[in-house]
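Quick note on numbering: the sequence shown equals residues 318 to 850 in my numbering.
By construction, the Cβ of each residue, glycine as well, lies at the ideal position given by its N, Cα and C atoms.
Everything numeric in this text was worked out from a predicted model, so none of it was measured.
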Amino acid sequence: MTLTFTELVETAKRVEATQSRLEKVRVLAAFFQRLTPDEAALAARFLVGTVFPEGDERELGVGYATISSVIEQLRSSKISPLIQEPPTLQEVYATLDKVSRASGEGARERKLVLLRGLFSRLSREELEYLLRMLFGEVRIGASAGVVLEALARLGGYTDEEIRRGYMLLGDIGELAKRVIAREDIRALSLELFRPVKPMLADMSYSPLEVLREHANYTSAEYKYDGIRVQVHVRNGRVEVYSRRLHRITEFLPDVVQKVREHLRASSAVLDGEAVGIIAGKPVAFQELVRRVRRKNEREGFLKSIPFQVYFFDVLFLDGRVLIDEPYTVRRRLLADALDGELLSTQRFVSSVDELKDFFEEAVKKGHEGVMCKAPYSNYEPGIRGRKWLKLKRADTIDCVIVAAEWGHGRRARWLSDYYLAIRDERTGGFAVIGKTFKGLTDAEFEEMTRRLLELKVREEGWVVHVKPQIVVEVEYSEIQRSPRYNSGLALRFARIKRIRFDKSPDDVTTLQELWKRYSEQRGAKAVGDASGW
Numbered sequence: 318m319t320l321t322f323t324e325l326v327e328t329a330k331r332v333e334a335t336q337s338r339l340e341k342v343r344v345l346a347a348f349f350q351r352l353t354p355d356e357a358a359l360a361a362r363f364l365v366g367t368v369f370p371e372g373d374e375r376e377l378g379v380g381y382a383t384i385s386s387v388i389e390q391l392r393s394s395k396i397s398p399l400i401q402e403p404p405t406l407q408e409v410y411a412t413l414d415k416v417s418r419a420s421g422e423g424a425r426e427r428k429l430v431l432l433r434g435l436f437s438r439l440s441r442e443e444l445e446y447l448l449r450m451l452f453g454e455v456r457i458g459a460s461a462g463v464v465l466e467a468l469a470r471l472g473g474y475t476d477e478e479i480r481r482g483y484m485l486l487g488d489i490g491e492l493a494k495r496v497i498a499r500e501d502i503r504a505l506s507l508e509l510f511r512p513v514k515p516m517l518a519d520m521s522y523s524p525l526e527v528l529r530e531h532a533n534y535t536s537a538e539y540k541y542d543g544i545r546v547q548v549h550v551r552n553g554r555v556e557v558y559s560r561r562l563h564r565i566t567e568f569l570p571d572v573v574q575k576v577r578e579h580l581r582a583s584s585a586v587l588d589g590e591a592v593g594i595i596a597g598k599p600v601a602f603q604e605l606v607r608r609v610r611r612k613n614e615r616e617g618f619l620k621s622i623p624f625q626v627y628f629f630d631v632l633f634l635d636g637r638v639l640i641d642e643p644y645t646v647r648r649r650l651l652a653d654a655l656d657g658e659l660l661s662t663q664r665f666v667s668s669v670d671e672l673k674d675f676f677e678e679a680v681k682k683g684h685e686g687v688m689c690k691a692p693y694s695n696y697e698p699g700i701r702g703r704k705w706l707k708l709k710r711a712d713t714i715d716c717v718i719v720a721a722e723w724g725h726g727r728r729a730r731w732l733s734d735y736y737l738a739i740r741d742e743r744t745g746g747f748a749v750i751g752k753t754f755k756g757l758t759d760a761e762f763e764e765m766t767r768r769l770l771e772l773k774v775r776e777e778g779w780v781v782h783v784k785p786q787i788v789v790e791v792e793y794s795e796i797q798r799s800p801r802y803n804s805g806l807a808l809r810f811a812r813i814k815r816i817r818f819d820k821s822p823d824d825v826t827t828l829q830e831l832w833k834r835y836s837e838q839r840g841a842k843a844v845g846d847a848s849g850w
């Protein structure tokens, strides 16, 4: 029996209706059990609120105005719709795929026709769920974590085994497909030219904390303020991927050239940072973002901004998968395979004074701070944890903008007061932690207003609610408890440091992490100068 979109929505409703995580997992496991592998791939993505595989650059290119136009046309139509069979999930996906591919003259009208045909076949409840997914207001029924647990239960895997498989494949749909097809997820390994999510670092508040966490011995590296890149190489072919798993090779030809010139290996997967350098100093991150996002400016930037790439890890080398090797082994192999100019600046330290000195050295050279890595640690794709720790002076988190208010006075023509939200791992949705209008230039306010209006979901008075898509890095002085927001927390003196075009809403800080930081902040206040600063 072919899976209908109705059945998917009914399953999502059952998952949303229960507070029990075990019951959510049971419902989803039973649902996936009766699907074909291809149906499972689509269902897994739709359940976590996405249409296309992670790393896929297709976009629907439809906003609030287009959707509203379609719905208004359906409401005003005087022709009674013919009784139709509900669409299958495959039919819904195929229509959205056609919408994403519509381009050129008349594209908007073709998109309208496609969406009108799809929406007319959906019940009110089904349309509501589809719109929620398209606008990203909430997860459609389950967080990725719950879906992964259901797949683990169905396939007889531990949670750790299924999460590892997910990180190696980089797409929850592909993972679901393989589980249903009874492929051995434990046998999955890193493959060339199939990028994996990068390993991520937790925040540390002091040199002393770092050394305690890493048993009084850590590897400190400059924390470069650039674009995270993953470079795959085999027999002269070089491809560059972003942290969102997008292929960006053509935007960074200088990185490709340097790898070809300085890599002493026939095949490799390298993890590093691409940094613009002028007069020996790193260029602001925002300039790098413009370089990657604006294809027509590439030639100008090639002439004006020389790029350097610094590699700090190797995941694969000459046929050998290295993610389970300790950091010290990976670093030694990386140094053997690359010329020194492409290696990140690194030093092993065992005292607070050594770490402080290295930190000051990094900051004086224009870098953000240092990354500290436990020497024994393996490489965990997509995992944020304490094996890697960021040490910076200013506290920052990544937030997604979920709404904005029209400004006042000089800022009256811009959406300039932004509602900041972080991801709640428990529900898969977003929780607001405050507002800010600080940090952006007039030009950035103007550009942000244009982009937010394209993402508009609805408008209530001065407030424009938007699809949660734009990620910003936010500086703050302190985390406070607050009954005002559903998160229970608020940032004091929040200020947007930069817009993170390289990050997706799934990359933002989690509510659970912020509560942890709040507890650590209180502990740090208690110990005072004993922190090591």
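Residue range 669-681 is occupied by the alpha helix (DSSP H) that includes lysine 681. Distance check between proline 785 and each of Ser794, Leu770 and Thr353 places Leu770 closest, using alpha-carbon atoms only. Uninterrupted beta strand (DSSP E) stretches at least 3 residues long and entirely within the region 627-667 occur at 663-666, given in chain order. Going by DSSP, aspartate 712 is part of the beta strand (DSSP E) stretching over 712-723. With respect to valine 496, leucine 468 sits close: the two C-beta atoms are nearer than 7 Å. Rounded to whole angstroms, the Cβ separation of tyrosine 793 and alanine 811 is 5 Å, and the two are in contact under 8 Å.
Contact between valine 368 and leucine 431 fails: their C-beta atoms lie close to 13 Å from each other, not under 8 Å.
Taken in chain order, the complete alpha helix (DSSP H) segments of 4 or more residues contained in the region 513-580 are 524-530 and 570-579. DSSP places alanine 585 within a strand segment (E or B) once states are collapsed to three. Between lysine 540 and methionine 688 a beta carbon distance of about 5 Å is seen, short of the 8 Å cut, so the two are scored as contacting. Between the region 577-588 and the region 539-554 there are three or more C-beta pairs closer than 8 Å, enough to call the two in contact.
Contact between the region 669-683 and the region 623-639 is absent: fewer than 3 CB-CB pairs across the two stretches fall below 8 Å.
Under the DSSP assignment, phenylalanine 436 falls outside any beta strand (DSSP E), being part of the alpha helix (DSSP H) whose first and last residues are 424-436. Taking each of Gly756, Lys428, Asp741 and Ser804 in turn and checking the Cα distance to valine 416, the smallest one comes out for Lys428.
Distance from the CA of glycine 421 to the CA of serine 821, rounded to the nearest whole angstrom, comes to 27 Å. When the five nearest sequence neighbours on each side are left out, the beta carbons in the same chain lying within less than 6 Å of the beta carbon of threonine 766 are those of Trp731 and Leu732, in order along the chain. Per DSSP, the unbroken alpha helix (DSSP H) holding tyrosine 446 starts and ends at 441-452.
Contact between the region 488-504 and the region 346-361 is established, with three or more Cβ pairs separated by less than 8 Å. As DSSP reads the structure, phenylalanine 624 sits in a beta bridge with Gly593.
Residue state for threonine 475 is assigned as coil, using DSSP reduced to three classes.
CA-to-CA, the gap between tyrosine 696 and leucine 639 works out to about 8 Å. With three or more CB-CB distances shorter than 8 Å, the region 800-808 counts as touching the region 742-751. Two segments are said to touch when three or more pairs of C-beta atoms, one from each, lie closer than 8 Å; by this definition the region 373-381 does not touch the region 505-523. Distance from arginine 817 to valine 788 at the Cβ level is roughly 4 Å; contact confirmed, criterion being Cβ atoms closer than 8 Å.
Nearest in C-alpha terms to glutamate 477, of all of Ile700, Ala721 and Glu508, is Ile700. With 16 or more other Cβ atoms from the protein chains shown falling within 10 Å of its own Cβ, glycine 472 counts as buried. DSSP lists Ala720 and Arg775 as the beta-bridge partner residues of histidine 782.
Remark: C-beta atoms of threonine 826 and aspartate 715 approach each other more closely than 7 Å. The alpha-carbon of arginine 637 is positioned some 36 Å away from that of isoleucine 595. Cβ-Cβ separation between threonine 713 and valine 791: approximately 6 Å, consistent with a contact (criterion under 8 Å).
Cβ neighbours of valine 666 within its own chain (closer than 7 Å, five residues either side excluded): Thr535, Ala537, Leu672 and Phe675.
Between valine 527 and lysine 341, the C-beta gap is not smaller than 7 Å, which leaves the two residues out of contact. Assignment of tyrosine 793 by DSSP, reduced to helix, strand and coil, places it in the strand class. Beta-bridge analysis with DSSP links threonine 383 to no other residue.
For asparagine 552, same chain residues with a beta-carbon under 8 Å away, outside a window of 5 residues either side, are Ser583 and Ser584 in chain order.
In this chain, the alpha helix (DSSP H) harbouring lysine 330 covers 322-334.
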